[in-house]
Each structure stands twice: as C-alpha cells, then as structure tokens.
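J.: With my numbering as the guide, the letters of the sequence shown map in order to residues 99 to 425.
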Amino acid sequence: MAEKKQLLTIEDLSATDVRDIVAVADALERHVRKSGHLPALLRGKCLGMIFDETSLRTRTAFERAIGDLGGQAIHYNGAEARVGRHAAKTEHLPDFVNVAGGFNDVLLSRIYDYATQEQICELSPVPFINGMCDEHHPTQALCDFLTIKRQFGAMEGIDIAFVGDGTNIALSLAQTAAKVGARLTCATPERMALPAERTAHLAGFTATTDPEAAVKDAHVVVADAWIPMNKAHEAEQRREILAPYRVTPALMSLARPDAVFLHNLPAYRGDEVVPEVIDGPQSVVYPEAVARLHIARALLLFCLRPDWAELVAATEADFDSRLGELS
99 MAEKKQLLTI
109 EDLSATDVRD
119 IVAVADALER
129 HVRKSGHLPA
139 LLRGKCLGMI
149 FDETSLRTRT
159 AFERAIGDLG
169 GQAIHYNGAE
179 ARVGRHAAKT
189 EHLPDFVNVA
199 GGFNDVLLSR
209 IYDYATQEQI
219 CELSPVPFIN
229 GMCDEHHPTQ
239 ALCDFLTIKR
249 QFGAMEGIDI
259 AFVGDGTNIA
269 LSLAQTAAKV
279 GARLTCATPE
289 RMALPAERTA
299 HLAGFTATTD
309 PEAAVKDAHV
319 VVADAWIPMN
329 KAHEAEQRRE
339 ILAPYRVTPA
349 LMSLARPDAV
359 FLHNLPAYRG
369 DEVVPEVIDG
379 PQSVVYPEAV
389 ARLHIARALL
399 LFCLRPDWAE
409 LVAATEADFD
419 SRLGELS
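Next comes the structure, spelled out in structure tokens:
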C-alpha cells in the first residue's frame with residue numbers, strides 16, 4: 099500500500115513536491131482557461147472538510163476544486179463534528195476521525211489548535227491537509243508562491259519581506275522559501291518574532307525588527323492581520339506596538355519598482371496596510387486569493403492520484419493531451 103500523503107506543515111513536503119504542486123496548479127489553470135473545463139481525474143472521490151470557524155476562501159477553493167475534478171465534498175462544522183473551539187459537546191477524537199476517514203477519501207481540517215490538527219493528521223486513515231491552524235498555514239504559502247511564480251516567472255532567488263506579527267503565515271512562507279531557494283526577511287517587533295527554534299535551520303531566512311531594512315529591494319511585500327481571533331482583547335495594545343510595521347506607500351517605495359503586495363485576507367485597512375497599497379496597482383491580493391483554487395486542485399491530485407508523477411511530467415510536455423489520456 100502506498101504511504102499516506104499529508105500536509106500538516108510545509109515541512110511535510112520536499113522541495114520537489116513544492117515545485118511540482120505549483121507547476122501542476124499552474125498547468126491546470128492554463129488548461130481551464132483554454133478548454134473551459136477539467137477532466138474528471140477524481141471521479142468518485144470525496145473530500146471531508148472540517149471547520150471550527152466559518153470560511154470563505156479555503157472552503158470555496160477546495161469545494162470548487164474537488165467538483166471541478168469530478169468528485170464531491172462534505173462539510174462538517176465544529177458543532178457537527180464535535181471538535182474545535184466552539185463544540186458544545188466533544189466526541190472522542192479518534193472516533194470522529196476514523197469515521198470521517200471511512201466516509202471520505204481525503205480530509206481537510208481547519209481547526210485553530212495545532213495540537214488538534216496534529217492528532218487528526220496522525221489518526222486519519224486517509225490523506226490529510228491542514229487548511230490552517232494557529233501555527234501553520236501551508237496551503238496559503240503554496241498559493242502565495244504560485245502567485246509569485248506568475249508575477250516573476252520563478253520562485254528561486256526572489257526576495258520576500260514579511261512585515262508585522264510573526265504569524266502562521268510568516269512561518270509557512272519561511273519554510274516554503276527555504277524549499278525553493280527564495281529569501282524571506284521577517285520584520286516584527288521583538289516580542290512577536292518567530293521562535294528561533296522554528297527558523298534557525300531555514301536557508302534564506304533573516305529576522306529583523308526594522309521594516310524598512312526588510313522591504314529594501316524586495317520583490318514581494320507580505321502583511322497579515324494584526325489582531326487574530328484569540329487576541330481581540332489585546333487589540334489596542336497590539337495596534338500601538340505594530341504601528342511602525344504598517345505597509346504604506348512610503349514603505350513600498352523602498353522595494354523594487356516591480357514589487358507586489360500580498361495579503362492572505364481578510365485585511366483590515368488602516369491597521370496592517372493602508373488602502374493606497376492594498377487597493378493600489380502593486381496589490382495582487384485578488385489573484386492571490388483565486389490561486390487557492392488552483393493550489394487546491396493540485397493538492398487533491400497530489401494526495402489522491404497514484405499517477406501523480408505522470409501529471410508532473412506532463413507539465414513539461416503536451417499537458418492538455420496528456421491530461422485527457424490520464425482521465
């Protein structure tokens with residue numbers, strides 16, 4: 099039996115995996131633009147999605163992706179699954195995961211607590227995808243690097259500046275950058291820096307408290323929300339600490355002339371970024387958001403197609419013809 103595939107963190111992927119997922123995502127999107135549809139490469143497959151919060155982009159991307167490929171999705175909210183922060187009554191986690199894994203061919207879970215995600219991943223009898231948690235956001239990092247590749251034609255050698263709180267976005271970006279030969283400089287207040295034990299081994303990673311130094315000559319500037327769901331009670335204090343890290347036109351002017359701005363959304367204009375930037379010509383946040391769909395298709399194929407290597411090889415040949423042959 100083939101080894102169960104998982105994406106709990108970017109560290110679960112090899113550098114080749116990251117490049118291949120991005121390449122297949124890009125090729126699938128180009129195929130859709132030309133032909134208007136995709137072959138049913140996942141006919142009969144079912145994706146189980148577990149969310150302990152409402153979701154717009156992640157749920158829509160994966161539900162649409164599995165449908166595009168001929169499969170279907172089942173959505174469980176935290177109350178139905180009896181897991182996550184808002185479940186009034188909890189169920190023994192192995193019971194839920196093994197039953198959900200019996201109904202579905204792949205599980206995606208977006209539960210805030212990393213320890214719970216780790217347990218679900220370990221227990222799942224089918225492939226597992228972390229749709230986001232408090233410590234990691236691997237699917238977002240992949241869609242960001244697809245967006246970067248489309249903007250600059252490559253991922254290797256790209257200079258990325260992350261500015262703000264050292265969040266799950268920053269960590270997953272740093273891990274992905276190290277895989278593909280990009281460089282990430284993370285500018286945060288000292289108390290909000292990524293833990294050194296998480297980043298010391300990452301090639302191309304630099305930590306600083308100076309946002310201007312981070313953004314200088316960067317290809318890409320990334321921000322994330324300042325006030326996560328579990329820190330609402332610290333809102334004013336966090337705004338005061340993070341004010342020097344707000345992305346403004348003056349800060350963006352230090353980056354390369356062709357630099358772009360990324361944000362995983364939702365964004366809070368006036369906090370981490372001003373409208374002139376996120377709604378301006380350097381912002382690619384809407385293509386970045388739609389890139390989740392392209393990455394979702396590729397990830398589902400990565401998890402479920404035993405001939406994944408043939409799909410990857412087809413990206414270097416006549417992809418459209420080979421796609422039809424593989425369906």
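In this text, a Cβ means the ideal position worked out from N, Cα and C, and glycines have one as well. The structure presented is a predicted model; accordingly, all values stated were derived computationally and were not measured.
(1) At what residues does the beta strand (DSSP E) containing Thr-306 begin and finish?
(2) Which stretch, first to last residue, makes up the beta strand (DSSP E) that contains Thr-114?
(3) Taking buried to mean at least 16 other C-beta atoms within 10 Å of its own C-beta, is Glu-101 buried or exposed?
(4) The alpha helix (DSSP H) with Thr-158 in it runs from where to where?
(5) In terms of DSSP beta bridges, what is His-361 paired with?
(6) Could you pull the start and end residues of the beta strand (DSSP E) that Tyr-174 belongs to?
(7) Would DSSP call Ala-311 helix, strand or coil?
(8) Would you mind stating whether Asp-203 and Cys-144 have Cβ atoms separated by less than 8 Å?
(9) Please state whether DSSP places Arg-274 in a helix, a strand or coil.
(10) Can you name, in chain order, every residue of its own chain whose Cβ lies under 6 Å from the Cβ of Tyr-174, other than the five neighbours on each side?
(11) Excluding the 5 residues preceding and the 5 following Glu-233 in the sequence, name in chain order all residues of the same chain whose CB lies nearer than 6 Å to its CB.
(12) Checking 8 Å against the spacing of the C-beta atoms, do Pro-223 and Asn-196 come in under that value?
(13) Would you list the residues sitting across from Thr-283 in a DSSP beta bridge?
(14) Assign Asn-228 to one of two classes, buried (16 or more other C-beta atoms within 10 Å of its C-beta) or exposed (fewer than that).
(15) Using CA coordinates, which residue listed in Glu-109, Ala-121, Leu-106 and Leu-105 is at the minimum distance from Ala-411?
(16) Along the chain, where does the alpha helix (DSSP H) containing Ser-419 start, and where does it finish?
(17) Is it the case that the region 317-325 contacts the region 342-353, given that we only count it when at least three CB pairs across the two stretches are under 8 Å?
(18) How big is the Cα-Cα spacing for Glu-178 and Leu-167?
(19) In terms of residue numbering, what span does the beta strand (DSSP E) encompassing Met-350 cover?
(20) Candidates Ala-123, Phe-243, Leu-140 and Tyr-210: which alpha carbon is nearest Asn-328's?
(21) Near Ser-153, what residues of its chain come up, given a Cβ to Cβ distance below 7 Å and the 5 sequence neighbours on each side ignored?
(22) Any heavy atom of the ligand SAM inside 7 Å of the beta-carbon of His-235?
T.: Inspection of the coordinates gives the following:
(1) 303-306
(2) Careful: Thr-114 lies outside any beta strand (DSSP E), inside the alpha helix (DSSP H) at 113-133.
(3) exposed
(4) 155-166
(5) Ala-321
(6) 170-175
(7) helix
(8) yes
(9) Position check: residue 274 holds Thr in this sequence, whereas Arg was assumed. Residue state, collapsed to three classes: helix.
(10) Ile-148
(11) Tyr-212 and Asn-266
(12) yes
(13) Ala-259 and Thr-304
(14) buried
(15) Ala-121
(16) 417-424
(17) yes
(18) 26 Å
(19) Per DSSP, Met-350 belongs to no beta strand (DSSP E); it is in the alpha helix (DSSP H), 347-350.
(20) Tyr-210
(21) Arg-208
(22) This structure simply doesn't include the ligand SAM, nor any ligand for that matter.
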